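These protein sequence lines are chains H and Z, in that order.
Numbering follows numbering that gives the first Met the number 0, in which position 161 of the first sequence is assigned residue number 160; successive positions increment by one, without gaps.
Numbering follows numbering that gives the first Met the number 0, in which position 10 of the second sequence is assigned residue number 9; successive positions increment by one, without gaps.
Don't be surprised by glycine CBs; every beta carbon is placed ideally from N, CA and C.
Since the structure is predicted, the reported quantities are computational estimates derived from the model, not experimental observations.
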Amino acid sequence: MNTVITVNLNGNAYQLDERGFESLRAYLDSAEAQLASNPDKAEILSDIEQAIADKCRRYLNPHKSVVVAVELDRILAEMGPVESETGETAADSEGQRNAPDTPQSRADAPRRLYQIREGSMISGVCNGLAAYFSVDVTIVRIVFVALTILTGSLWILAYILMMFIIPDATTSEERAAAHGQPFNAQQLVDGAKERYAEFRQQLRRERRAAAAERAFWRGERAYEEVGYATRVVAGFMVPVFTLIGAALFVVVIIAIVSLFKTGGIFDWALPPEIPVWGAIVILAIVYQAVHMPLRAASRASYEASAGQRHGWLAAADGVLWLGFAALFFWLAYLFIPDVRSLFESVPFEWRHPLDAWHAF
Amino acid sequence: MAIDEKFSSIRKGLLEFLLLRIISADKVYVAEMLERLSATQFATQEGTLYPLLSKLRREELLDYDWRESDAGPPRKYYKLTAKGRTQLAELNRYWKRINTTIEELGHSE
Chain H
0 MNTVITVNLN GNAYQLDERG FESLRAYLDS AEAQLASNPD KAEILSDIEQ AIADKCRRYL
60 NPHKSVVVAV ELDRILAEMG PVESETGETA ADSEGQRNAP DTPQSRADAP RRLYQIREGS
120 MISGVCNGLA AYFSVDVTIV RIVFVALTIL TGSLWILAYI LMMFIIPDAT TSEERAAAHG
180 QPFNAQQLVD GAKERYAEFR QQLRRERRAA AAERAFWRGE RAYEEVGYAT RVVAGFMVPV
240 FTLIGAALFV VVIIAIVSLF KTGGIFDWAL PPEIPVWGAI VILAIVYQAV HMPLRAASRA
300 SYEASAGQRH GWLAAADGVL WLGFAALFFW LAYLFIPDVR SLFESVPFEW RHPLDAWHAF
Chain Z
0 MAIDEKFSSI RKGLLEFLLL RIISADKVYV AEMLERLSAT QFATQEGTLY PLLSKLRREE
60 LLDYDWRESD AGPPRKYYKL TAKGRTQLAE LNRYWKRINT TIEELGHSE
């Protein structure tokens, strides 16, 4: 059991553990000392407190009302040392070089390919590629349209594949990596974008949690019990979401292949005014619309069942997804004659891309 | 990085100029400034930015007003004052002169 200390950061109440409180006090004390001769000291300090408060909020959720020391240290590293403007150069470049977490030292942050949903037209593939290669997204889109025309709409298939393969940038860390940006600045922006309603809800929850805390250890225990039940349910839901997702994927892929081969989906022929590529785009959008809430739900389950560090669960879940998808393909092939004949009618090169490659 | 260090004091000195440029383009709040800078060699943290902004305000180069945001508590949106704009114009001219000087002295390999 740890003691919790409630602090007032520029009018916001936050709960810290003892060591976190010590680091915060040390940081603010040194900031105050740095700004001792600054006429705007009070205002700068309140700005700084507000920025720290905004960052704290990111680490809190319905099941977590206390900012722990490690998190607080990370926040303070993001903030960087507060510098007096007089005699800047000396103290300053020193501090910059010594702080392990300054943006400069991470200027070449790893760049990763992600789908970026914000400002996307379909799924964010073009958006992610644009960020990855640092080009305007419009150029990427034009290239994609050109490729679609040149390949006789086969490129749409490539797009859909990318939609499945390239991961989504859902956390601010991932969005930063998509642009190859240092994480902290991007995170601040994302933190600021959080909805005000959420913030107020959070405050209400914190107040309730603080009341429980006052009743001493009783509060701790209630939190544990509720947390455990939620975790069990969430842990059970993860594979269910995966199963539904894999089934959906298989259905969509079979429908697309069917569209390509027969110009319709099995017995149902396309209305003549809709071209095949149009039908594929519609299919992709419908898939995305169904898939998005599913993905969000499974992500929420990860977090509920494994907490902040759900990476291993996501990885295991990916393997599970592949297994389910393969299983469904196999079942469809075995038991649905239409699917079987469809796949047998697919040209040899499609079914055996490796052989085709060698023959080439 | 050695190169990084050689220019560290120059970067420091240019930060003020860059901030004026960023603010001149649009009304911005601190998170936006940090984001604009984050992808560049001038990546900065709040600890540096807030004191610098308050200094610029004391020099009457910029000012802010509070604006409600739908994504959190109200924010300070910064804008240039008339004095700030004239100063920025001067800085721009001066910077151009520095650039031509560098170009003219020797070859850039």
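CB of residue i within 8 Å of CB of residue j, strictly
i, j, result
"Z/Leu-19", "Z/Leu-90", "yes"
"H/Gln-14", "H/Val-69", "no"
"H/Met-162", "H/Val-136", "no"
"Z/Glu-15", "Z/Val-29", "no"
"H/Ala-363", "H/Tyr-113", "Any answer about residue 363 of chain H is impossible in this case: the structure gives chain H only from 0 up to 359."
"Z/Leu-13", "Z/Leu-33", "no"
"H/Glu-42", "H/Asn-9", "no"
"H/Gly-127", "H/Ala-177", "yes"
"Z/Lys-82", "Z/Tyr-63", "no"
"H/Val-237", "H/Ser-297", "yes"
"Z/Ile-21", "Z/Arg-35", "yes"
"H/Ala-245", "H/Ala-324", "yes"
"H/Thr-5", "H/Ala-12", "yes"
"H/Arg-204", "H/Pro-292", "no"
"H/Gln-200", "H/Leu-59", "no"
"H/Ala-303", "H/Thr-241", "no"
"H/Ile-159", "H/Ile-74", "no"
"H/Ser-22", "H/Leu-71", "yes"
"H/Tyr-286", "H/Val-239", "no"
"Z/Glu-113", "Z/Thr-80", "Because chain Z here runs from 0 to 108, residue 113 of chain Z falls outside it and cannot be looked at."
"H/Val-338", "H/Ile-253", "yes"
"H/Pro-38", "Z/Arg-56", "no"
"H/Gly-262", "H/Val-275", "yes"
"H/Leu-156", "H/Lys-260", "no"
"Z/Pro-50", "H/Ser-36", "no"
"H/Ile-115", "H/Arg-174", "yes"
Residues that residue i bridges to, as DSSP identifies them
i, result
"H/Tyr-13", "H/Val-6"
"H/Gln-114", "H/Asp-167"
"Z/Asp-62", "Z/Lys-78"
"H/Lys-63", "H/Asn-60"
"H/Gly-244", "Its beta-bridge partners do not exist; DSSP assigns none."
"H/Val-136", "Per DSSP, none; premise fails for H/Val-136."
"Z/Val-27", "Z/Tyr-77"
"Z/Gly-71", "Z/Ser-68"
"H/Gly-263", "H/Ala-268"
First through last residue of the alpha helix (DSSP H) which encompasses residue i
i, result
"H/Glu-272", "No alpha helix (DSSP H) holds H/Glu-272; DSSP gives it neither H nor E."
"Z/Pro-50", "45-57"
"Z/Gly-83", "81-103"
"H/Asn-126", "124-132"
"Z/Ala-42", "Taken as a continuous stretch (DSSP letters only), Z/Ala-42 belongs to no alpha helix (DSSP H), as it is neither H nor E."
"H/Pro-336", "336-344"
"H/Ser-74", "Sequence inspection shows Ile at residue 74 of chain H; the Ser mentioned does not correspond to that position. Counting along the chain, the alpha helix (DSSP H) containing H/Ile-74 begins and ends at 68-78."
"Z/Glu-4", "1-5"
CB contact below 8 Å: residue i versus chain B
i, result
"H/Asp-28", "This model lacks chain B altogether; the protein chains it does include are H and Z."
Within chain Z, partners of residue i - CB distance below 7 Å
i, result
"H/Met-236", "Residues of chain Z passing the Cβ test: none, with the nearest at roughly 30 Å."
Chain Z residues whose Cβ lies nearer than 8 Å to that of residue i
i, result
"H/Met-78", "Gln-44, Glu-45, Gly-46"
"H/Glu-173", "Neighbours of H/Glu-173 on chain Z: none; closest Cβ ~16 Å, over 8 Å."
"H/Ser-83", "Pro-50"
"H/Leu-34", "Pro-50"
Under 8 Å by beta carbon: chain H residues contacting residue i
i, result
"Z/Gly-83", "Ordered by position in chain H, no residue passes the 8 Å Cβ test against Z/Gly-83, which lies about 17 Å from the chain."
"Z/Arg-57", "Pro-38, Asp-39"
Under 9 Å by beta carbon: chain Z residues contacting residue i
i, result
"H/Ala-177", "Ordered by position in chain Z, no residue passes the 9 Å Cβ test against H/Ala-177, which lies about 12 Å from the chain."
"H/Asn-7", "Those within 9 Å of H/Asn-7 in chain Z number zero; the least Cβ separation is about 14 Å."
"H/Ile-43", "Tyr-49, Pro-50, Leu-52, Ser-53"
Pull out every residue of the region 38-50 of chain Z whose Cβ sits closer than 8 Å to any Cβ of chain H, in chain order.
Ala-38, Gln-40, Ala-42, Thr-43, Gln-44, Glu-45, Gly-46, Thr-47, Tyr-49, Pro-50
Give, in chain order, every residue of the region 43-62 of chain H whose Cβ lies closer than 8 Å to some Cβ of chain Z.
Ile-43, Asp-46, Ile-47, Gln-49, Ala-50, Asp-53
Report the residues of the region 64-76 of chain H with a CB closer than 7 Å to any CB of chain Z, ordered along the chain.
none
For the region 60-79 of chain Z, enumerate the residues whose C-beta is nearer than 8 Å to any C-beta of chain H, in chain order.
Ser-68, Asp-69, Ala-70, Gly-71, Pro-72, Arg-74, Lys-75
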